[in-house]
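Q:
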Amino acid sequence: MYNSNNEFFMSPKNDYVFKKIFGDENNKDILSSFLSCVINEQINDVSILNNEITKENTADKKSILDIRATINDGVQIDIEIQLSRTIYMPARSLYYWSKIYMEQLQIGQIYKKLNRTICINILDFISTESKKYHSVYRLKETEENFELTNLMEIHFIEIPKLKGYEKNDVLSQWINFINADSREELKKMAIVNKNIDKAFDILNVMSQNKEERAAYLSREMALHDEVTKLEEALQEGRQEGRQEGRQEGLDEGRQEGLEEGEKKKALEIAKNLLDILDNETIAIKTGLTLDEIENLRK
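FYI, the UniProt record's numbering numbers position 186 of the sequence shown as 186, with every residue one higher than the one before it.
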């Protein structure tokens, strides 16, 4: 992005930039500040588990630049920022939560070893029915509303819902900083919060560094290519599905034809996603079985 003086600066919404700011060992105070206002708890200790970023990561469309950390007494944290819309976001988040939760336990260990696991999804689109921009989900009894366990917790922070939010709490300050589309807005957020001010300084340094700019632009291109390919796959799939459905409907009946067309549409979409997504994610997005997707790779 460029400001009014034609000076280049990076967007904190880019997952590469987000991870450099919040997922660096030197910036634990920034991560602690953000996490504290998201989960509404004091952060006494934080350990970042995946702070390395390679050139291959930034250029790989399939790479997810999330932040994995543990806080306090072993609580597992995963933070992901997602810009491209997907209707399967809740299923996706639950899938990643389950992987993190399961990875804690080794063969022969008792369930007591399992720690509370929290997934935080920062979304640049609307995904839930909640009117709040920040919603939290746990396992509860449906009628009596008591909590089964605190081991599972999923957060959705939906940036578009922040518009019109009048409170000036720390979390809204952070999200406004992440969502800022001008240097002036970023600076405005930096004035009111010392941790955001530090993040702003990091962003300034990154924006002036040639290597960081190259990595940033590489990531922007990779993300853009992924979104474009997804849109093309969906469009082609819909079109072929309609065509196949009409043809089959003429020959064997409308309902059977439409079902066949939908199946072929799903297969076509899956084919276009093979080189950018893993089998489990493709299954979630298309409704196909893992065996069907595996057959497409042969």
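All C-beta atoms in this analysis are idealised placements derived from N, C-alpha and C, irrespective of residue type, glycine included.
#1: Taking C-beta to C-beta, are Ile-154 and Tyr-137 nearer than 8 Å?
#2: Touching or not, the stretch 30-50 and the stretch 80-92, by the rule of three or more beta carbon pairs under 8 Å?
#3: Rank Lys-264, Ser-218, Trp-174 by C-alpha distance to the C-alpha of Lys-198 and give the top, closest one.
#4: Just checking my contact of Leu-162 with Leu-148 at CB under 8 Å: how many whole Å lie between their CB atoms?
#5: Is the CB-CB distance between Ala-283 and Leu-290 below 8 Å?
#6: Between which residues of its own chain and Gln-42 is the CB-CB distance below 7 Å, once the five residues before and five after are set aside?
#7: Checking the sheet assignment: what are the DSSP bridge partners for residue 303?
#8: Look at Asn-51 and Gly-74 and say whether their C-beta atoms are less than 8 Å apart.
#9: Leaving out the 5 sequence neighbours to the left and right, which residues in its chain are closer than 8 Å to Glu-220 when beta-carbon positions are compared?
#10: By Cβ distance below 8 Å, which residues in the same chain neighbour Ile-126 in space, the five residues on each side in sequence not counted?
#11: Measuring alpha carbon to alpha carbon, tell me which residue in Leu-267, Leu-114, Ala-91 is nearest Glu-292.
#12: Are the Cβ atoms of Ile-67 and Ile-202 separated by less than 8 Å?
#13: Leaving out five residues on either side along the sequence, give the residues of the same chain with a beta carbon under 7 Å from the beta carbon of Ile-30.
#14: Can you find the residues in the same chain that come closer than 7 Å, C-beta to C-beta, to Arg-297, ignoring five residues on each side of it along the sequence?
#15: So which of Thr-142, Leu-217, Glu-280 has the shortest CA-CA distance to residue 301?
A: In short:
#1: Position 154 of the sequence shown, counting from 1, holds the residue named residue 154. Position 137 of the sequence shown, counting from 1, holds the residue named residue 137. Result yes, Cβ atoms of Ile-154 and Tyr-137 sit closer than 8 Å.
#2: No: fewer than three Cβ pairs fall under 8 Å.
#3: Taking the sequence shown and counting its residues from 1, the one referred to as residue 198 is at position 198. The shortest C-alpha separation from Lys-198 is found at Trp-174.
#4: Translated into positions along the sequence shown, residue 162 becomes position 162. Translated into positions along the sequence shown, residue 148 becomes position 148. So it is not a contact: roughly 31 Å between Cβ atoms.
#5: Counting from 1 along the sequence shown, the entry for residue 283 is found at position 283. Counting from 1 along the sequence shown, the entry for residue 290 is found at position 290. Ala-283 places its beta carbon less than 8 Å from that of Leu-290.
#6: Position 42 of the sequence shown, counted from the start, is the residue given in the question as residue 42. If the five residues before and after Gln-42 are omitted, its C-beta is found closer than 7 Å to the C-beta atoms of Ser-36, all from its own chain and listed in chain order.
#7: A question about residue 303 goes unanswered here, because the residues of the chain that appear run from 1 up to 298.
#8: Here residue 51 refers to the residue found at position 51 when the sequence shown is read from its first residue. Here residue 74 refers to the residue found at position 74 when the sequence shown is read from its first residue. No, the pair does not count as a contact, with Cβ atoms beyond the cut-off.
#9: Position 220 of the sequence shown, counted from the first residue, corresponds to residue 220. The residues Asn-14, in chain order, have a CB closer than 8 Å to that of Glu-220 in the same chain once the five nearest residues on each side in sequence are set aside.
#10: Indexing the sequence shown from 1 puts residue 126 at position 126. Annotation for Ile-126: Glu-158, Pro-160, Lys-161 place their beta carbon closer than 8 Å to its own, counting only its chain and skipping 5 residues before and after.
#11: The sequence position of residue 292 within the sequence shown is 292, counting from 1. Checking every option, the nearest Cα to that of Glu-292 belongs to Leu-267.
#12: Reading the sequence shown from its first residue, position 67 is the one you call residue 67. Reading the sequence shown from its first residue, position 202 is the one you call residue 202. Cβ distance not < 8 Å, so Ile-67 and Ile-202 don't count as in contact.
#13: For the purposes of this step, residue 30 is taken as residue 30 along the sequence shown, with counting starting at 1. Here the set comprises Ile-21, Phe-22, Asn-195, Lys-198, Ala-199.
#14: If you number the sequence shown from 1, residue 297 lands on position 297. These residues qualify, in order along the chain: Leu-274.
#15: Absent from the structure is residue 301, since the part of the chain shown begins at 1 and ends at 298.
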